[in-house]
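What follows is a short report on a single structure.
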Amino acid sequence: MYKDSVYLRENIRNIENNITQIRRLRKAFQEIMDRVDNQGYAHVANHHGYLDNLCPHGPTLDPEGNIIHKFLPWHRAYLLKLERLLQERDPTVSVPWWDWRSETSKKIGIPKSFSQDKIGKKVNPLSKFNINIKGKDRASKVDISINRYTTRNPGKPHEIIHTQKALSLNEQDIPQLYSLSDFRQFSERLRIGWHNFIHVWIGGDMGVVNTAAYDPIFFIHHCNVDRIWAVWQTLHGVDSIPSHMKSVVLEPFGMTVKDILDINSLNYDYASVSTT
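For the sequence shown, our numbering assigns the number 59 to the initial residue and increments by one for each residue that follows.
Written out as structure tokens, the structure reads:
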């Protein structure tokens, strides 16, 4: 959906209620999953874990000894790369976000469009992906050979309720994170709280850094993480980030942190800017 020249990323629940939209999303995912070149889904998934291992999670140090928090900027650039491949197949498609804190998620867990195993007699491309990689892992230098579908082992929906209560007690639930003015504190508490919990709660490949991005649900999970950051930016400013981080290059996207701070300059926005 476009608003002026900016397209909107929507809640997956809204897309599920629109037959045309959900069919377009599935079709675009299937088409990039069918590709085996650098325009395909596997190529993008490789950036996060096997085989490229380019994803930064925890803080690192730059050559001058400054602490760098690339978790949110890197994943924003990562989502853009996947989304632009989808839009080359269908310009009306964008990556949706999954609000894991919603009342619906607390009742049913994973959205139906991503949990439904098959559409007719065919594998639902939103539910799983056939990992078929062979090569040397960049980080470990170990030879990797995998040929299988991604797996999940999700927890019970009520566990989301218990986690929200625990995070709230520890000042780590989303409304509390919005009150933080320091980007570093905001980023780290979001990462180690809701972000990590959802990965572990879904389980299977999502629970392992090296295989997480092969599961299509990775992208709607991280789209919500990005949405939460975008809302934080509306409260504290687009440029509210340590100045020494702005020139940091985000591999392999050819972009710096400064390049991805303003989502409107990247031509997207979120259909909701709710601060809950």
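Note that beta-carbon positions come from the ideal geometry of N, C-alpha and C, so glycine has one too.
Under DSSP, residue 314 takes part in a beta bridge, and its partners are 307. Around the beta carbon of residue 230, 16 or more other beta carbons sit within 10 angstroms, so the residue counts as buried.
Per DSSP, the continuous beta strand (DSSP E) segment holding residue 192 begins and ends at 188-194. The count of Cβ pairs closer than 8 Å, one atom from the region 270-287 and one from the region 136-146, reaches three, so the stretches are in contact. The residue from 161, 145 and 225 with its alpha-carbon nearest to that of residue 216 is 161. When the alpha-carbon of residue 90 is set against those of 187, 252 and 322, the nearest one is in 187. As the crow flies, the alpha-carbon of residue 211 is around 15 Å from that of residue 254. Within the same chain, and ignoring the five residues on either side of residue 170 in sequence, the residues whose Cβ sits closer than 8 Å to its Cβ are 74. Under the DSSP assignment, residue 99 falls in the alpha helix (DSSP H) whose first and last residues are 99-106. By a beta-carbon distance limit of 8 Å, residue 113 contacts residue 105. Their separation comes to about 7 Å.
In this structure, residue 235 lies near residue 247, with their beta-carbon atoms less than 8 Å apart. Ranked by how close their Cα comes to the Cα of residue 191, the residues 200, 185, 184 and 183 have 200 in first place. Taking the CA atoms as reference points, residue 126 sits about 21 Å from residue 196.
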